[in-house]
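Structure, as structure tokens:
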Amino acid sequence: MESQKKRQAAYMKKNLLDQGYLDEQFAHLEELQDDANPNFVEEVVKSFYTDSARFIRNIEVALENGPYDFTKLDNMMYQFKGSSSSIGARRVKRQCSMFQECCNAKNIEGCRNTFQGVKQEYATLKTKLETYFQMEK
Amino acid sequence: MNLVASSSVSWKSNSNNSDRVEKNEFPAGLRVLVVDDDPTCLRILEKMLRNCHYEVTKSNRAEIALSMLRENRNGFDIVISDVHMPDMDGFKLLEHVGLEMDLPVIMMSADDSKDVVMKGVTHGACDYLIKPVRIEALKNIWQHVIRKKKHEWKDKDFEQSTIVEDGDQHQKPPEDVDYSSSANEGNWKSSKRRKEEEDETEERDDTSTLKKPRVVWSVELHQQFVQAVNQLGIDKAVPKKILELMNVPGLTRENVASHLQKYRLYLRRLSGVSQHQNGLNDSFMGHPEAAYGTMTSFSGLELQALAATGQLPAQSLATFQAAALGRSATKSAISMPLVDQRNLFSFENPKLRYPEGQQQLNNSNKQINLLHGIPTTMEPKQLADLHQSSQSFVAMNMQGNARMQQNNALLMHMSQQQQKQPSRGQMLNESSNGQVSQPPLSMPQPLSSNGIPAAILSRNGIVDNVRGPVYNPVSPASSMVDFSLNQTTELQNSFPLVSSNSGMSTLTSKRLLPEEVNSDIKGSRGFPVGYDIFEELHQQKSQDWGIQNVGSAFGASDHSGIPGTLDVSPSMLVQQGISSMKKNGQNGNSPMGGPQLNLFSGGNLLTVKAEQLPDTSYQSNLFLEQFGQDDLMSAILKQQESVFLLLICIL
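Each protein sequence line maps, in turn, to chains A and B. Each step along the first sequence adds one to the number in the working numbering, with nothing skipped, and position 129 is 990. Each step along the second sequence adds one to the number in the working numbering, with nothing skipped, and position 510 is 529.
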């Protein structure tokens, strides 16, 4: 049973990596995990969810009405991107970069669209990771 | 936040040096402060650093991190900070740390654009990591600590020697160790003499070529300086005029110029630092944090020293003492070389002289004594340099032990502090408050508070290192030396020099002071522990000799205070010995009137050249921390030893 679960978890992780949801940073985090901190990765990811919720909320508010402060939007997204990259959330990170490009171009529509992309990727990743952690247990 | 326990454990198991078990852990136990506003990143970094066996303190606010650094000058070896933070720009933090504590700072960012990286370089970051950071990148950060220390050490030449020589003329070595008072002068002198006798003048010889007379900017001296500046008006204050107004014999225009520069930076910083505004202005006394600017070095130690000698104005003394206790006199302690008759650099300062480092200087009390011998004409900068170099030196000697780093930090702090610290007094207060809480060791009353800032010792790490080559010219340490002399029993507890934090591998985790020890704290704990470390380090038993000396140093004024509990064994003595080294050779005796370093009670290592230690007092202090617990003590001693050695060398 256990080994099967483990196999499934390993398989899932491989998929996540192959499909680009996660990158090697995630694997590095897993390497850090040890007996003293057996749930380190999960805890970190949970912390990421908390931070992300805040970032997303703030950006959403900033995108609602003009005038749009693109510098501020860029800064906020920069932070979220940094957070995402720290856990290896590759696709989310890519979307964040696209959003930042729209900010640089002062393209508010582009920002909105890419922001939708960010939220979607984030939601997808979150679901997959939750499944993954369940398998790992 | 740190898990001292874990780091200490790992530390021990990490030994890779064959040298001494205690010292072997380097770089394990390296005290890292990591600052990042992103909680996820912070958490990951913390785990990575822990996995590297470092002792980690994390903060998600730059202001908090800065105050932690200020409070515990000798409590950290290196700082890692994110560039983009909401409350303070990472580069600004970098500047502050560089000026006030002179610790190596590594910047991190997801932004790898050239101009940002360049900004890091121009602001003085010793490295720049691109996020996401990998553990491999963190494994070698210890090199920056060593490099910095080494660099500083080299710069410092052995001014101490020079100073010592100068000081000779002014002081007359009082046989009783009463650093705080004018006796300091005597001590210094006698220790100096001893030094010569002992023929440990090699360093002196070396330094004589370098000769840069170092001025120790004691609290008093700094006050005079500030008064002069205020009188002239900050805009019109030119070194020449300031010098005239101050009318301090032996002080050169260059001394004043460099001090003025630091003071200006300090003021600038103060105005930029909202939190610590307290009183920046002129006296250190007041503001613990803000003041940290230039005068930091006058932290508690100085105050205490000054107080002891009766020279410090009550108010400042109080602040300093408090601060000193709390904080390691790192700041000021070091800068204060032994005072010469004028008391410019009276022992009072010794406390201050402690490097800004963290806590180390808390033990300033102790340090002060040590400084006694140092000629006052040292340039503050030099002193600072000395400290730093001592630190680095010490560190270097220590074979790169982690401890060393700590010590270095201490020393560094000390030097830095010297110049900076106006608010040191306060810092000390703050820190001392914390610390004072009481170390189990009774701190001599005169010293006002507990113990000498562990700061001195805060660098526990250093102590360890010290064990080795004992002498690392730890210049500031000289001041320390003094203290050991007088009071045989006094200081024992008071030396918080050895900051519990850091280095001392065992100690740190142990927490020098039973109560106060927290992993981060390095040494802030009142005094005590310092002695222990030596004990271990040297394995000598000079015991009370050492301690006493230390005690005396701290108490400066009154040796009686120090409870003999501290059993600072040989290591302590070492420190003391350092100062008195010259003569003593082996501790044993404590007449330390002058700065004697009986460091090697056992006759070993510490035969640091006493001469150099004019400021070692501060160093000794470092080691003197008393760890409430035996094991801590020993650990600390060990660390201290190393540090001490370094200090000695510096001196």
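C-beta atoms are modelled at their ideal positions from N, C-alpha and C, and glycine is treated no differently.
Proximal residues to VAL98 of chain B (C-beta, below 6 angstroms), its chain only, five neighbours per side dropped: Sequence index remark: in the second sequence, residue 98 of chain B carries index 79 (1-based). Excluding positions up to five away in sequence, the list reads LEU52, VAL116, LEU122 and VAL124.
Can you name the start and end residues of the beta strand (DSSP E) that VAL135 of chain B belongs to? Numbered from its first residue, the second sequence carries residue 135 of chain B at position 116. That residue, VAL135 of chain B, is in no beta strand (DSSP E); its alpha helix (DSSP H) goes 133-141.
Select from B:ASP57, B:ILE165, B:GLN280 and B:ARG69 the residue whose C-alpha is nearest the C-alpha of ALA897 of chain A. Your numbering for residue 897 of chain A matches position 36 in the first sequence. The residue with the shortest Cα to Cα distance from ALA897 of chain A is B:ARG69.
With DSSP as the reference, label ALA129 of chain B as helix, strand or coil. Locating residue 129 of chain B in the second sequence gives position 110, where the first residue counts as 1. It is coil, neither helix nor strand.
What do you get for TYR872 of chain A, buried or exposed, if any count of 16 or more other CB atoms within 10 angstroms of its CB means buried? Against the first sequence, residue 872 of chain A aligns to sequence position 11. Under this definition TYR872 of chain A is an exposed residue.
Considering Cα atoms alone, identify which of B:PRO46, B:ASN249 and B:PRO105 is closest to LEU157 of chain B. For the purposes of this step, residue 157 of chain B is taken as the residue at position 138 of the second sequence. The candidate whose alpha carbon is nearest that of LEU157 of chain B is B:PRO46.
Minimum Cβ-Cβ distance from LEU990 of chain A to chain B less than 8 angstroms: Here residue 990 of chain A refers to the residue found at position 129 of the first sequence. Not an interface residue.
Considering LYS874 of chain A, what are the terminal residues of the beta strand (DSSP E) in which it resides? As a working mapping, residue 874 of chain A is identified with position 13 in the first sequence. Careful: LYS874 of chain A lies outside any beta strand (DSSP E), inside the alpha helix (DSSP H) at 863-879.
Using a cut-off of 8 angstroms between C-beta atoms, extract the partners of ASN898 of chain A located in chain B. By one-based count along the first sequence, residue 898 of chain A stands at place 37. The answer, in chain order, is LYS66.
Interfacial residues, the stretch 973-997 of chain A to chain B, with Cβ spacing under 8 angstroms: none
My output table needs one value for VAL54 of chain B: the three-state DSSP class, helix, strand or coil. The residue labelled residue 54 of chain B in the question sits at position 35 within the second sequence. It is a strand residue.
Of all the CB atoms in chain A, is at least one closer than 8 angstroms to the CB of ALA129 of chain B? Indexing the second sequence from 1 puts residue 129 of chain B at position 110. It does; some Cβ of chain A falls within 8 angstroms.
Is it the case that the Cβ atoms of PHE994 of chain A and VAL979 of chain A are separated by a distance below 8 angstroms? Taking the first sequence and counting its residues from 1, one reaches residue 994 of chain A at position 133. Taking the first sequence and counting its residues from 1, one reaches residue 979 of chain A at position 118. Against a cut-off of 8 angstroms, the Cβ pair of VAL979 of chain A and PHE994 of chain A comes out as no contact.
In angstroms with no decimal places, state the Cα-to-Cα distance between PRO151 of chain B and SER947 of chain A. Within the second sequence, residue 151 of chain B is the residue found at index 132, counting from 1. Within the first sequence, residue 947 of chain A is the residue found at index 86, counting from 1. Those two C-alpha atoms are separated by around 5 angstroms.
Under 7 angstroms Cβ-Cβ, which residues of chain B neighbour LEU890 of chain A? Residue mapping note: residue 890 of chain A aligns to position 29 of the first sequence, counting from 1. In chain order: ILE63.
Continuous alpha helix (DSSP H) stretch holding VAL922 of chain A: start and end: If you number the first sequence from 1, residue 922 of chain A lands on position 61. VAL922 of chain A -> alpha helix (DSSP H) spans 901-925.
Could you check if ASP106 of chain B is buried or exposed, using at least 16 other CB atoms within 10 Å of its CB as the buried criterion? As a position in the second sequence, residue 106 of chain B is number 87, starting the count at 1. Exposed is the call here.
Is any beta-carbon of chain A found at less than 8 angstroms from that of ILE165 of chain B? On the second sequence, position 146 is the one that residue 165 of chain B refers to. Output row for ILE165 of chain B: interface = no.
Tell me whether ILE253 of chain B sits in a helix, a strand or coil according to DSSP, three-state version. The residue given as residue 253 of chain B occupies position 234 in the second sequence. ILE253 of chain B: coil per DSSP, three-state reduction.
Classify ARG287 of chain B: buried if its beta carbon has 16 or more other beta carbons within 10 angstroms, exposed otherwise. Taking the first residue of the second sequence as position 1, residue 287 of chain B is located at position 268. Classification for ARG287 of chain B: exposed.
In angstroms with no decimal places, state the Cα-to-Cα distance between TRP161 of chain B and GLU921 of chain A. For the purposes of this step, residue 161 of chain B is taken as the residue at position 142 of the second sequence. For the purposes of this step, residue 921 of chain A is taken as the residue at position 60 of the first sequence. Those two C-alpha atoms are separated by around 42 angstroms.
Nearest candidate by alpha-carbon position, reference GLY94 of chain B, set B:SER100, B:ALA84 and B:ASP101: The sequence position of residue 94 of chain B within the second sequence is 75, counting from 1. That would be B:ALA84, whose Cα lies nearest to the Cα of GLY94 of chain B.
If you reduce the DSSP assignment to three classes, tell me which class ASN898 of chain A lands in. Here residue 898 of chain A refers to the residue found at position 37 of the first sequence. Strand.
Please compile the residues from chain A whose C-beta is within a distance smaller than 8 angstroms of the C-beta of ARG50 of chain B. To locate residue 50 of chain B, count along the second sequence from 1; it is residue 31. Within 8 angstroms Cβ-Cβ: nothing; ARG50 of chain B doesn't reach chain A, min ~20 angstroms.
Does the count of Cβ pairs from the stretch 126-136 of chain B and the stretch 935-955 of chain A closer than 8 angstroms reach three? yes
Suppose you measure from the CA of LYS281 of chain B to the CA of VAL257 of chain B; what does that come to, to the nearest Å? The count along the second sequence starts at 1 and reaches residue 281 of chain B at position 262. The count along the second sequence starts at 1 and reaches residue 257 of chain B at position 238. If you take the alpha carbons of LYS281 of chain B and VAL257 of chain B, they lie about 13 angstroms apart.
Return no unless some Cβ of chain B is closer than 8 angstroms to the Cβ of LYS942 of chain A. Within the first sequence, numbered from 1, the residue matching residue 942 of chain A stands at position 81. Output row for LYS942 of chain A: interface = yes.
Would you kindly work out how many angstroms separate the C-alpha atoms of LYS259 of chain B and VAL238 of chain B, rounded to a whole number? Residue 259 of chain B sits at position 240 when you count from the first residue of the second sequence. Residue 238 of chain B sits at position 219 when you count from the first residue of the second sequence. Their backbone Cα atoms lie some 20 angstroms apart in a straight line.
Buried or exposed, going by whether 16 or more other CB atoms sit within 10 Å of the CB of ASN249 of chain B? Here residue 249 of chain B corresponds to residue number 230 of the second sequence, with the count starting at 1. Its Cβ having fewer than 16 others within 10 Å, ASN249 of chain B is exposed.
Would you mind reading off the limits of the beta strand (DSSP E) that contains SER237 of chain B? Within the second sequence, the letter at position 218 stands for residue 237 of chain B. No beta strand (DSSP E) contains SER237 of chain B, which DSSP labels as neither H nor E.
On the CB-based measure, 16 or more other CB atoms within 10 Å of its CB, does PHE244 of chain B come out buried or exposed? Translated into positions along the second sequence, residue 244 of chain B becomes position 225. PHE244 of chain B comes out buried.
Can you list, in chain order, the residues of its chain whose CB lies under 7 angstroms from that of LYS989 of chain A, leaving out five sequence neighbours each side? Within the first sequence, residue 989 of chain A is the residue found at index 128, counting from 1. Within the same chain, LYS989 of chain A has close Cβ partners LEU877 and TYR882.
Selected residue, minimal CA-CA separation from ASP935 of chain A, among A:ARG951, A:ARG952, A:PHE916 and A:TYR910: Reading the first sequence from its first residue, position 74 is the one you call residue 935 of chain A. The shortest Cα separation from ASP935 of chain A among A:ARG951, A:ARG952, A:PHE916 and A:TYR910 belongs to A:PHE916.
Would DSSP call ALA144 of chain B helix, strand or coil? Taking the second sequence and counting its residues from 1, the one referred to as residue 144 of chain B is at position 125. Here ALA144 of chain B sits in coil by DSSP.
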